[in-house]
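Participant:
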Amino acid sequence: MEDRPLVVGGRVFRSRLLVGTGKYPDHATMRAALVESGSDMVTVALRRVDLTARGEDTFFAALPKDMEILPNTAGCYTAEDAIRTARLGRELGLGDRVKLEVIGDPKTLFPDVPALLEATKVLVAEGFQVMPYTTDDPVAARRLEDLGCVAVMPLAAPIGSGLGIRNPHNIRLILEAAKVPVIVDAGVGTASDAAIALELGCDGVLMNTAIAGAKDPIAMARAMRLAVEAGRLACLAGRIPRKAYATASSPLAGGIE
Numbered sequence: 010m011e012d013r014p015l016v017v018g019g020r021v022f023r024s025r026l027l028v029g030t031g032k033y034p035d036h037a038t039m040r041a042a043l044v045e046s047g048s049d050m051v052t053v054a055l056r057r058v059d060l061t062a063r064g065e066d067t068f069f070a071a072l073p074k075d076m077e078i079l080p081n082t083a084g085c086y087t088a089e090d091a092i093r094t095a096r097l098g099r100e101l102g103l104g105d106r107v108k109l110e111v112i113g114d115p116k117t118l119f120p121d122v123p124a125l126l127e128a129t130k131v132l133v134a135e136g137f138q139v140m141p142y143t144t145d146d147p148v149a150a151r152r153l154e155d156l157g158c159v160a161v162m163p164l165a166a167p168i169g170s171g172l173g174i175r176n177p178h179n180i181r182l183i184l185e186a187a188k189v190p191v192i193v194d195a196g197v198g199t200a201s202d203a204a205i206a207l208e209l210g211c212d213g214v215l216m217n218t219a220i221a222g223a224k225d226p227i228a229m230a231r232a233m234r235l236a237v238e239a240g241r242l243a244c245l246a247g248r249i250p251r252k253a254y255a256t257a258s259s260p261l262a263g264g265i266e
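Each residue of the sequence shown is one higher than the last, beginning at 10 in this note's numbering.
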């Protein structure tokens with residue numbers, strides 16, 4: 010039952026829930042949901058927000074002060090664009106840690122793995138702490154780790170689909186081999202999906218649409234926080250094995266005949 014903290018690039022995080030900032034109806038709802046999530050890392054799509062705006066009513070002013078901003082290269086379709094976007098975030102003072110996305114298909118938003126590997130190699134060499142959004146391919150995850158990524162982030166399902174973890178077997182294979190944190194990214198739809206990710210042994214889960222797109226984003230943020238906590242506890246506790254047939258809950262020996 011002894012747990013270990015989530016450590017990414019040398020920093021210890023209290024929460025295993027990472028959250029995004031897109032698709033909220035307004036800044037006030039976003040802020041309330043982020044606070045309710047209990048997360049201490051929030052992703053920001055650098056290409057989709059005004060990075061220079063400052064003031065009381067701006068996007069950055071709405072972010073809780075104690076949350077680390079994780080710049081995100083969402084919307085990039087080439088390695089060159091992703092590298093340029095990551096550099097921009099660092100120049101603006103958002104740090105060296107980056108969620109790296111290189112999209113390969115506009116319909117599914119699946120990653121372009123060769124381009125992702127190319128961008129990773131360049132950014133790691135420049136001192137970035139890369140957290141790549143990748144497929145659930147164990148080989149791709151291993152190659153990204155070998156290049157120096159501080160975490161690997163395999164998708165559960167297509168971004169925003171809400172389908173949940175479609176291939177738990179591959180996630181298990183990635184977990185068996187990985188020596189860096191494995192954080193499920195994309196496709197979570199509800200609290201049970203988040204719990205499953207943590208029950209599998211994942212170190213964390215990242216989501217945006219599942220919270221921001223809910224009828225009540227603030228309530229869903231709380232549900233996700235509790236699900237992540239329950240899933241981690243269940244993983245540590247150790248579930249019973251699956252069996253094809255029933256096993257009596259009460260012992261048979263010593264019963265009345």
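Virtual Cβ for every residue (Gly too), placed ideally from N, Cα, C.
(1) Ile-220 bridges to which residues according to DSSP?
(2) Using 9 Å as the threshold, is the C-beta distance between Glu-110 and Ala-83 below it?
(3) Spatial neighbours of Ala-223 within its chain, please: C-beta separation below 7 Å, excluding the five flanking residues on both sides.
(4) Can you tell me which of the three DSSP states Asn-81 falls into?
(5) Going by Cα to Cα distance, which pick from Ala-124, Val-159, Arg-57 is closest to Val-21?
(6) I'd like the list of long-range same chain contacts for Val-193, defined as Cβ closer than 6 Å, with 5 residues on each side in sequence excluded.
(7) I need the straight-line Cα distance from Asp-114 to Val-17, nearest angstrom please.
(8) So Pro-120 packs on Thr-87, CB below 8 Å; how close in whole Å?
(9) Grouping DSSP H, G and I as helix and E and B as strand, with all else coil, what is Asp-121?
(10) Count the other CB atoms within 10 Å of the CB of Arg-13; is the residue buried (16 or more) or exposed (fewer)?
(11) Would Val-131 pass as a contact of Val-161 if the rule is Cβ separation under 9 Å?
(12) Check whether the stretch 97-107 touches the stretch 65-75, counting contact only when three or more Cβ pairs, one atom from each stretch, lie closer than 8 Å.
(13) Ala-95 by DSSP, collapsed to three states: which one?
(14) Check Arg-25 in the structure and name its three-state DSSP category.
(15) In angstroms, rounded to a whole number, what distance separates the CA positions of Asp-202 and Glu-127?
(16) Can you tell me whether Arg-57 is buried or exposed, with buried defined as 16 or more other CB within 10 angstroms of its CB?
Facilitator: Reading off the structure:
(1) Note: Ile-220 sits in no beta bridge, so no partner.
(2) yes
(3) Spatial neighbours of Ala-223 in its own chain (CB-CB distance under 7 Å, excluding positions within 5 residues in sequence) are listed in chain order as Met-229.
(4) The answer is strand: DSSP assigns Asn-81 an E or B state.
(5) Val-159
(6) Ala-165, Ala-206, Cys-211, Val-214
(7) 28 Å
(8) Their Cβ separation, rounded to whole angstroms, is 12 Å, which puts Pro-120 and Thr-87 out of contact at 8 Å.
(9) It is coil, neither helix nor strand.
(10) exposed
(11) no
(12) no
(13) helix
(14) Coil, per DSSP.
(15) Approximately 31 Å between the Cα atoms of the pair.
(16) exposed
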